[in-house]
Amino acid sequence: MKKRSAMFRCLLCFFAAGILMTACKKKDSPSVPNTDNGYVDDWIYKTMKQEYYWNTSITGSPDYTKEPYGFFESLLHADDRYSWAVPNYKDLQNSLSGNTKEAGYSVGLFLHGNGTKLGGIIQYVKKNSPASAAGMKRGQIFFQINNTDFKYSSATNNADVNAFLDAMGKDHTLTVFDHTMTKDGLSDSTMNPSVKNLTVVEYSENPVYMDSVYTIDGKKIGYFVYNFFAPDRGQAGYENEYDNQVDAVFAKFKAAGVKHLILDLRYNGGGDSRSTINLGSNIVKGLSTTKVFFRREYNTLNMKKYTDAYGVNFFNSYFTDEANNIGAGLESFIILTSNNSASASELIINGLKPYMDVWLIGERTYGKNVGSQTFYKINDAKNTWGLQPITSKAFNSAGTSDYTNGFAPNEEVLESLALGDWGSVKEPLLNKAMTKILGHAPLRVASPESVSRTRVQYVGSSQMNKAYYHILVEPRPGE
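Be aware that the sequence shown starts at 9, since it is given in the numbering used here, and climbs by one per residue.
Put into structure tokens, the structure is as follows:
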């Protein structure tokens, strides 16, 4: 079986929303054994042969005796790091909309104990969550979960990270520390210890995390923290809830006369392409519904199928008419990035580049230029599996799709354990963006490297447990 990354091990408990995909059995189809595995595997094979971006690489002699996940993995292209299958699609329907069972905080995983143990730093606390009620805050660190150390080695790194994240997915206790990082590495991290007893609950995360308007030196600066792409929570009565909140943020920016925009995507691992279109349409210069935001490329079978059914314009996604677009007045546009910025976040960068200057501050982005669609069978007791295979590749209006190695930042700022408060001009990445806009620092702050002479090594993030992590979800035709 092909070795998968930690994020896909974590995603095995989820599955995505989609539609039933059926196909007539061809005369030369392989023989299907009369078993539950064979029944599911046959459906997987037919779906992948039609829909998978690399469908020409699929074997003509599948082994229908394999259990479904192993069978699915046996069909994948050697370069595919992103496709996955899960036993029950309903969990991922919720997760793609930000609905999961959790305590309500995002954490970065770092090494300590001479690189043999895992620790966590709170990246952000989610509103109205158990973690928020417990008084947790950005920048706090912890070294144990339930008074237990979590080991780490390069040989077992995936399993070690997964064990840490699994413990976070159940009721747990943390001892968190405030720290100043004014000496060497973690030496000051024993300040103000406090015990947090956390219960995991069904929680709907709102991706619209924070927005602010600053007036400095007479310049109007808008700052927007957006943590994943989803139009709504996926429940009746809440249609387009989150996209509407994004529109409201830009209405505020427009009313305030914002001329400089800082978009914080450093913890945004991806999500729904429809929400990228909505966000991009609020930002782009020269907004027009005739301008292409991005274009999809499918496998040869589907390129012909969709061209015949819908015409050549089917492959284009256009900007939408947004009354609160601020592009016409923007003098600068900065995106804050990290290696967690992926897929749909990178689509924003790539899609806007042909129309305006996009300045990146932070770390190199992840590098994912392909999209996936979701497939499952409705009301089939013998097959509750679902597939999330890669089905398309994304290009901008200039025909560019060459970011498999990520987008390099114009100015590199590496996050250490010295995280600043959200929205504070002392926060290192926001401070660097303000400096770019103003031509001088709004406040003098020490760099993370000068604050801590020992830079920690990050090895993961709790976002790896999210269904939208490093994916671009595309709607099926007709959806």
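C-beta: ideal position from N, C-alpha, C; glycine also.
| Query | Result |
| --- | --- |
| Beta-carbon gap between Y318 and V300 smaller than 8 Å | no |
| Three-state secondary structure (DSSP) of D36 | Unreliable positioning characterises D36 in this predicted model, as indicated by a pLDDT of 45, which lies under 50. The coordinate reading is nonetheless provided below. Three-state result, D36: coil. |
| Cβ-based burial, H448 [other Cβ within 10 Å; buried from 16] | exposed |
| Selection from V254, T164, D50 that minimises the alpha carbon distance to N488 | Not covered by the structure: residue 488. The range shown for the chain is 9 to 487. |
| Local conformation of L269 per DSSP, three classes | strand |
| Distance between L84 and D429 (C-alpha atoms, nearest Å) | 43 Å |
| Spatial distance of K361 from T308 (CA atoms) | 28 Å |
| For D280, the first and last residue of its enclosing beta strand (DSSP E) | 278-280 |
| Where F23 falls: helix, strand or coil (DSSP) | Unreliable positioning characterises F23 in this predicted model, as indicated by a pLDDT of 27, which lies under 50. The coordinate reading is nonetheless provided below. If DSSP states are grouped into helix, strand and coil, F23 belongs with coil. |
| Among T73, P70, P76, Y60, the one whose alpha carbon lies nearest that of D87 | Y60 |
| Simplified DSSP assignment, three categories, for G468 | strand |
| Expected contact under 8 Å - CB spacing of G370 and L437 to nearest Å | 6 Å |
| Contact under 8 Å by Cβ, N418 with L368 | yes |
| Cβ neighbours of T443 in the same chain (closer than 8 Å, five flanking residues each side left out) | A449, P450 |
| Chain D contact for G337 (CB, 8 Å cutoff) | Judged by its chain identifiers, the structure shown contains no chain D, having just a single protein chain. |
| Continuous beta strand (DSSP E) stretch holding Y211: start and end | 209-212 |
| Within 8 Å, strictly: CB atoms of I270 and A416 | no |
| Local Cβ density within 10 Å of D240, reported as buried at 16 or more and exposed below that | buried |
| Nearest residue (CA-CA) to N286, options F258, G337, A263 | F258 |
| Close beta carbons around F16, own chain, < 7 Å, minus the five adjacent residues each side | Note that F16 has pLDDT 32, beneath the 50 cutoff, so the model's placement of it is unreliable and no number is given. |
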